[in-house]
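K.L.:
Protein chains in written order, with the numbering used here: chain A, 4 to 321; chain B, 4 to 321.
Protein chains: 2
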Amino acid sequence: MRCRRCINVNEFELISKLTKSLPTNAFVVESAGDDCAVLDSGQPGRYLLFKTDAVVQGIHFDADADPVRVGHKALARCLSDIAAMAGRPIAALVTIALPKEFDAEYVRKIYDGMSVVAREYGVAIVGGETTTNPERLLISISLLGDVASEKCVRRSGAKAGDVLFVTGELGGSIAEKHLHFQPRIREAHWLAENFDIHAMIDLSDGLAGDLRHILNASKVGAEIRSPSIPISRAAKLQARTKANGKSALIAALSDGEDFELLFTLASKDAVAVLDGWKKNFPDTRLTCIGRINAAPGLKIRDEHGVRELNIHGYAHFS
Amino acid sequence: MRCRRCINVNEFELISKLTKSLPTNAFVVESAGDDCAVLDSGQPGRYLLFKTDAVVQGIHFDADADPVRVGHKALARCLSDIAAMAGRPIAALVTIALPKEFDAEYVRKIYDGMSVVAREYGVAIVGGETTTNPERLLISISLLGDVASEKCVRRSGAKAGDVLFVTGELGGSIAEKHLHFQPRIREAHWLAENFDIHAMIDLSDGLAGDLRHILNASKVGAEIRSPSIPISRAAKLQARTKANGKSALIAALSDGEDFELLFTLASKDAVAVLDGWKKNFPDTRLTCIGRINAAPGLKIRDEHGVRELNIHGYAHFS
């Protein structure tokens with residue numbers, strides 16, 4: 004269900020290069036390269052956050068998926084990106100591209116799913132465009148949010164000596180969670196209000212891949228501790244039943260669509276963030292999984308020692 | 004090439020009803036129902052404009068269309084909606100959903116086309132997302148703009164006694180213009196800066212259909228003069244060659260994708276707007292095509308008298 008794997012990776016890299024020289028202007032604080040684009044529209048002390056994301060039938064959801072869940076997922080994915088920058092969602096626009104044969108009741112249920120999550124997080128849905136995509140349903144969402152400029156958390160602020168935290172439990176999202184996860188909007192606000200969060204990202208490509216985004220943006224390295232990785236029950240079950248040919252740990256490191264938060268802060272704040280978290284979010288785990296190093300590279304420590312963690316090569320290593 | 008015609012109209016009406024009870028919040032000035040959503044983010048004297056639009060291969064452009072033109076069209080359509088509210092475009096996000104077999108060079112050309120129009124109108128492209136749509140290319144653009152709140156022109160401000168103007172020439176866009184039109188951003192600014200424009204819309208569904216949007220939103224009627232309608236050379240040529248089975252006038256009234264501006268202002272300003280326009284935009288026509296009436300309904304006057312103009316029935320009438 005990860006769209007990028009369906010197309011030759013080199014082609015995506017080529018496109019990624021193309022998008023590095025796109026037109027810019029004086030409004031742009033952060034273009035492509037973080038969870039949302041960040042814009043300064045001139046309002047003192049605030050930035051706008053701007054994000055778009057699409058889900059495609061057969062790629063991000065199956066044809067028989069509950070349309071309420073599909074609507075939920077389409078909007079919640081964008082909300083998760085606003086959360087990753089500690090932002091507040093304002094308004095969403097919805098483009099639904101419908102196959103030739105479609106059921107209006109199915110579309111109503113998609114809007115129902117979006118509306119519930121929109122109300123939950125205070126988002127207005129300010130337009131619903133409908134077009135045609137003859138072979139399959141595609142939903143593209145644009146989301147506008149804002150954030151106090153001093154509270155906006157980027158990927159690029161991680162510092163050597165920081166500790167690395169992750170919310171929730173990882174891996175195996177495809178079994179169920181990817182269709183009904185809750186974006187960590189409230190958790191991200193609480194973190195940014197109460198602590199100096201240095202860097203944050205939402206986990207959409209898998210822990211190892213998304214951590215690399217923070218490391219690359221911040222020009223640092225990291226070491227994570229294998230026994231500390233919070234592995235979901237779904238990932239453990241899939242490993243036991245050999246559903247996907249991965250160990251549970253590999254799933255937790257590499258599965259996409261966890262939509263949890265990964266963040267770093269100064270080690271002096273580690274105990275306080277854990278204590279405060281337990282009081283405020285008793286039903287969600289918060290786990291310290293490692294630390295940020297000055298030396299580049301991503302390492303993993305287990306009972307055998309420390310090794311380089313390569314998202315492609317890791318399967319052979321474990 | 005008009006997407007809505009590919010799907011049963013009743014189904015679209017049903018969806019349109021669904022989208023009337025979507026979640027809202029205190030930021031929303033105007034939701035679905037105008038060219039853009041209008042938001043008040045708290046910046047004194049300014050509104051944000053928010054718009055999304057998608058083009059689909061085989062629906063909005065042919066598979067053999069020049070990809071530079073396709074990119075141009077995808078972004079220019081959204082810019083035309085910002086123009087319709089006299090807004091300033093700020094930033095765009097691009098989602099390209101690629102078929103299984105695609106050519107990276109083709110994608111580069113799409114970005115080239117978008118970049119040229121973006122630079123022309125000062126828009127930043129702040130993200131380029133790529134996903135998969137196995138059977139055909141789909142491009143979804145989100146555009147953020149802003150406007151001085153007192154200069155924001157809505158569809159709903161037309162008043163009885165207003166005169167009705169249209170820019171450019173109408174009809175036959177499918178022959179060529181739909182792939183290389185220039186959004187009327189500069190013209191709209193000039194109009195809003197120098198005149199009290201009561202209502203405005205960009206022509207995407209055809210003059211008759213889009214004029215009805217103004218009339219419905221403003222709760223007024225209109226009478227247009229048949230001999231005044233500015234008919235494009237393409238529409239005349241198509242009529243002569245019987246390319247589409249329409250008279251040139253019918254094409255000018257009903258063809259989509261003209262992307263011209265239709266606006267109303269007080270009749271006392273009619274001469275001044277025509278004089279000023281000629282000086283500022285000598286290469287683009289501006290035509291007074293009729294007037295706004297208090298009585299509802301859309302009428303057309305020709306040498307035989309005045310009749311109701313029904314967009315579905317008009318073909319039989321002429």
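All C-beta atoms, glycine included, are put in the ideal place defined by N, C-alpha and C.
Quick one: does Pro70(A) have its CB under 8 Å from some CB of chain B?
P.N.:
no
K.L.:
Starting from the N-terminal side, write out each stretch of the alpha helix (DSSP H) that is 4 residues or longer and does not extend beyond the region 70-108 of chain A.
P.N.:
70-87
K.L.:
Considering just the uninterrupted stretch of the beta strand (DSSP E) at Val166(A), what are its terminal residues?
P.N.:
In this chain, the beta strand (DSSP E) harbouring Val166(A) covers Val166 to Thr170.
K.L.:
Please list the residues of the region 180-213 of chain A that have a C-beta atom closer than 8 Å to any C-beta atom in chain B, keeping them in chain order.
P.N.:
none
K.L.:
Residues bridged to Gly131(A) by DSSP?
P.N.:
Gly131(A) has Val97(A) as its beta-bridge partners, per DSSP.
K.L.:
I need the straight-line Cα distance from Val126(B) to Pro92(B), nearest angstrom please.
P.N.:
6 Å
K.L.:
At a Cβ cut of 7 Å, what residues of the region 114-132 of chain B count as close to chain A, listed as they run along the chain?
P.N.:
Tyr114, Ser118, Ala121, Arg122, Gly125, Val126, Ala127, Ile128, Val129, Gly130, Gly131 and Glu132
K.L.:
The alpha helix (DSSP H) spanning Val276(B) covers which residue range?
P.N.:
Ala273 to Asn283
K.L.:
Measuring CA to CA, which of Ile85(A), Val120(A), Gly116(A) and Ala238(A) is closest to Leu264(A)?
P.N.:
Ile85(A)
K.L.:
Can you find a CB in chain A that lies within less than 8 Å of the CB of Thr244(B)?
P.N.:
no
K.L.:
Within 8 Å (strictly less), CB to CB, does Leu1(A) reach chain B?
P.N.:
Absent from the model: residue 1(A). The displayed extent of chain A is 4 to 321, so no value can be given.
K.L.:
Determine the contact status of Ser250(B) and Asp305(B), defining contact as a CB-CB distance below 8 Å.
P.N.:
no
K.L.:
Closest to Arg236(A) by C-alpha separation, out of Ala94(A), Gly174(A) and Ala163(A), would be which residue?
P.N.:
Nearest in C-alpha terms to Arg236(A), of all of Ala94(A), Gly174(A) and Ala163(A), is Gly174(A).
K.L.:
Please name the residues in the region 301-314 of chain B whose beta-carbon is closer than 8 Å to at least one beta-carbon of chain A, in chain order.
P.N.:
none
K.L.:
Consult DSSP for Ala254(B) and reduce its assignment to one of helix, strand or coil.
P.N.:
helix
K.L.:
Using a beta-carbon distance cut-off of less than 7 Å, what residues from the region 26-50 of chain B approach chain A?
P.N.:
Pro26, Thr27, Asn28, Phe30, Val31, Ser34, Ala35, Ala40, Leu42, Ser44, Gly45 and Gln46
K.L.:
What three-state label does DSSP hand Ile232(B) in the structure shown?
P.N.:
coil
K.L.:
Which of helix, strand or coil does DSSP assign to Val32(B)?
P.N.:
strand
K.L.:
Are Leu25(B) and Asp149(B) close, meaning C-beta to C-beta below 8 Å?
P.N.:
no
K.L.:
Does the pairing of the region 131-140 of chain A with the region 134-141 of chain B give three or more beta-carbon distances under 8 Å?
P.N.:
yes
K.L.:
Give a yes or no on whether 8 Å exceeds the smallest Cβ distance from Asp56(A) to chain B.
P.N.:
yes
K.L.:
Could you check how far apart the C-beta atoms of Val227(B) and Leu167(B) are, in whole angstroms? I think they sit under 8 Å.
P.N.:
In the sequence on display, residue 227(B) carries Ile and not Val. Contact holds; Cβ gap of about 7 Å.
K.L.:
Any beta carbon of chain B sitting closer than 8 Å to that of Glu153(A)?
P.N.:
no
K.L.:
When you compare only the Cα positions, how much space is there between Leu3(A) and Val169(A)?
P.N.:
The structure shown does not extend to residue 3(A), since chain A is modelled only from 4 through 321, so no value can be given for it.
K.L.:
Is the CB-CB distance between Phe30(B) and Ser44(B) below 8 Å?
P.N.:
A contact, by the Cβ cut-off of 8 Å.
K.L.:
Please confirm if Asp149(A) has its CB atom under 8 Å from at least one CB of chain B.
P.N.:
yes
K.L.:
Do Phe198(A) and Val276(A) have their C-beta atoms closer together than 8 Å?
P.N.:
yes
K.L.:
So Glu138(B) contacts chain A; which residues on that side make the cut at Cβ distance below 9 Å?
P.N.:
Near Glu138(B) (Cβ distances below 9 Å), the residues of chain A are Asn136, Pro137, Glu138 and Arg139.
K.L.:
Determine the chain A residues that contact Phe53(B) at a beta-carbon separation under 8 Å, and present them in chain order.
P.N.:
Ala94, Leu96, Val129, Gly130, Ser145 and Leu147
K.L.:
Just grab the DSSP bridge partners of Phe53(A) for me.
P.N.:
Ala40(A) and Leu147(A)
K.L.:
For Tyr109(A), count the other beta carbons within 10 Å of its own beta carbon; 16 or more makes it buried, fewer makes it exposed. Which is it?
P.N.:
exposed
K.L.:
Going straight from the alpha carbon of Asp208(A) to that of Ala220(B), what length do you get?
P.N.:
45 Å
K.L.:
Quick one: measure Cβ to Cβ for Leu206(A) and Phe262(A), integer angstroms, because I've assumed they're closer than 8 Å.
P.N.:
6 Å
K.L.:
Please name the residue or residues paired with Lys302(B) in a DSSP beta bridge.
P.N.:
Glu226(B) and Glu311(B)
K.L.:
Quick check on DSSP: helix, strand or coil for Lys20(B)?
P.N.:
helix
K.L.:
In whole angstroms, give me the CA-to-CA distance for Val73(B) and Leu182(B).
P.N.:
6 Å
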